[in-house]
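Below: the structure, in structure tokens.
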Amino acid sequence: MRIAVPNKGRLHEPTIDLLERAGLHLENGADRKLYADTVDPEVSVLFARAADIPEYVADGAADLGITGYDQVQEARVDTVSELLDLEFGRCRLVLAAPEDGDIDGVDDLEGGTVATEFPNITEDFFADTGVEPDIVEVTGATELTPHVEMADAIVDITSTGTTLKMNRLAVVEEVLSSSVRLFGREDVLDDPKVEEVRTALSSVKQAEGKRYLMMNVPRERLDDVRDVIPGMGGPTVMDIAGGETPTGSPDGETRAEAEGDGMVAVHAVVDERRVFETITEVKNAGASDILVTEIERLVE
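When we follow my numbering, the leftmost residue of the sequence shown carries the number 1313, and every step to the right adds one.
In structure tokens form, the structure reads like this:
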């Protein structure tokens, strides 16, 4: 199973970090420019330009690919399917025009000129609107084209909007919302290894922003603690080791269970943003020995 990943740029490091956290550690990756093995002998990584990855997958050079949704749409490949939104590298493709110009809406570009590095996406966008501008493909410095009279407007990527503002451009309309996705060629989607990779990457994403809480709780205060824990599906409650089984107890319950007292261990997964207040609430409800840990992977 070969996975194509960006070889450089803003998507490279986050992608490699995600693979590492998912357990697909790269071996000798720093010494190889085109590919690297992983700790899984059945999985290797192919390094390619982010824009070329959809074609690599479609043509069979790789089975899976990790790149931006915008790149997949621009490539117009119809033999690949999206498997997972990896939720980083977020950006928008927008239609933008000079702030002090005459372009206030899409209709104003009828018969005009639009410059872009994404001619296919741009063509599809205008086809849906019924407006027919002249689309000019450029390979860089797209935001400068309206100021040198090469175009009336542009379609370009923006994350924060800072570059557009610096070049006195205003967003007319959003063309496409993008993030990094895992996708695969349709003829390999039934391969069990594909699901293994998808599950491994998904487990890392599921764990982000979550924390694992462990605490001891008096049995008689358990309901109070349960009421304030915002856990995933409710907390897990376990008897603390060391309890004695009372004589004549047919179901093997501990002495603490039989007498309705003693301590139990409570574990729960909570949102990182709720940890501070949750600790206060469970402590006030009677919990003690509270421990908070990070979660590396979470398989639902």
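Think of the CB as a built atom: it goes at the ideal place given N, C-alpha and C, for glycine as much as any other residue. Treat the numbers as computed from the prediction; the structure is a model and nothing was measured.
Check the C-beta distance from T1590 over to V1529 and give it rounded, since I have them as a contact under 8 Å.
At roughly 13 Å, the Cβ-Cβ gap does not stay under 8 Å, so T1590 and V1529 are not in contact.
Continuous alpha helix (DSSP H) stretch holding S1515: start and end:
For S1515, the uninterrupted alpha helix (DSSP H) run begins and ends at 1504-1519, by DSSP.
Boundaries of the alpha helix (DSSP H) in which F1588 is found, first to last residue:
Where F1588 is concerned, the enclosing alpha helix (DSSP H) starts and stops at 1587-1596.
What are the partner residues of F1495, as DSSP defines its beta bridges?
F1495 pairs with G1377, E1394.
When you compare only the Cα positions, how much space is there between D1446 and S1491?
Roughly 28 Å separates the two Cα atoms.
If you reduce the DSSP assignment to three classes, tell me which class V1611 lands in.
In the three-state scheme derived from DSSP, where H, G and I count as helix and E and B as strand, V1611 is classed as coil.
Taking the beta carbon of P1547 as the centre, do at least 16 other beta carbons fall within 10 Å, making it buried, or is it exposed?
The residue is buried, with at least 16 neighbouring Cβ atoms inside 10 Å.
So, do the stretch 1473-1488 and the stretch 1401-1415 have three or more beta carbon pairs nearer to each other than 8 Å?
As far as the Cβ criterion goes, the stretch 1473-1488 touches the stretch 1401-1415, which means the pair count is three or higher.
Measure from the alpha carbon of E1429 to the alpha carbon of each residue in E1399, F1400, V1578, I1466, then state which is nearest.
Ranking E1399, F1400, V1578, I1466 by Cα distance to E1429 puts I1466 first.
Per-residue DSSP class, three states only, for L1331
L1331 falls in the helix class under three-state DSSP.
Sequence-distant residues of the same chain with beta carbon closer than 8 Å to G1372, five excluded per side
Around G1372: R1497.
Note down the Cα distance separating L1525 from A1577, rounded to an integer number of angstroms.
Looking at the two C-alpha atoms, the distance is approximately 10 Å.
Over what stretch of residues does the alpha helix (DSSP H) that includes V1540 continue unbroken?
Counting along the chain, the alpha helix (DSSP H) containing V1540 begins and ends at 1534-1540.
Residue burial classification, T1559 (beta-carbon count within 10 angstroms, cutoff 16):
At T1559 the pLDDT is 38, less than 50, meaning the model places this residue with poor confidence; the figure from the coordinates comes in the next sentence. Exposed.
Alpha-carbon to alpha-carbon, T1475 and F1438
Roughly 24 Å between the two C-alpha positions.
Short check: CB of K1522 to CB of I1607, under 8 Å?
Contact check for K1522 against I1607 passes: the beta carbons are separated by less than 8 Å.
Alpha carbon to alpha carbon, how far is A1482 from E1394? Give it in angstroms, no decimals.
Rounded to the nearest angstrom, the two C-alpha atoms are 32 Å apart.
In this structure, what does DSSP give as the bridge partners for P1530?
Within the DSSP bridge table, the entry for P1530 names M1575 as partners.
Per DSSP, what kind of secondary structure is F1438 in: helix, strand or coil?
Residue state, collapsed to three classes: helix.
Taking Cβ positions, are D1352 and R1314 nearer each other than 8 Å?
No. Outside cutoff.
Round the Cβ separation of S1515 and L1610 to the nearest angstrom and send it over; I've been treating them as touching at under 8 Å.
About 6 Å separates the two Cβ atoms, so the contact holds.
Proximity of L1396 and L1330 at Cβ, strictly below 8 Å:
No; because the gap between Cβ atoms is not below 8 Å, this pair is not in contact.
Distance, Cα to Cα, Y1347 vs I1328?
Note on geometry: alpha-carbon atoms of Y1347 and I1328 lie some 12 Å from one another.
Are there 16 or more other CB atoms within 10 angstroms of the CB of A1599, so buried, or fewer, so exposed?
Label assigned to A1599: buried.
Tell me, to the nearest whole angstrom, how far the beta carbon of V1418 is from that of T1441; I am working on the premise that it is less than 8 Å.
The pair is a contact, with the Cβ atoms about 5 Å apart (cut-off 8 Å).
Find the nearest neighbour of V1357 within the set R1586, V1509, D1420, Q1518, judged by alpha-carbon distance.
That would be V1509, whose Cα lies nearest to the Cα of V1357.
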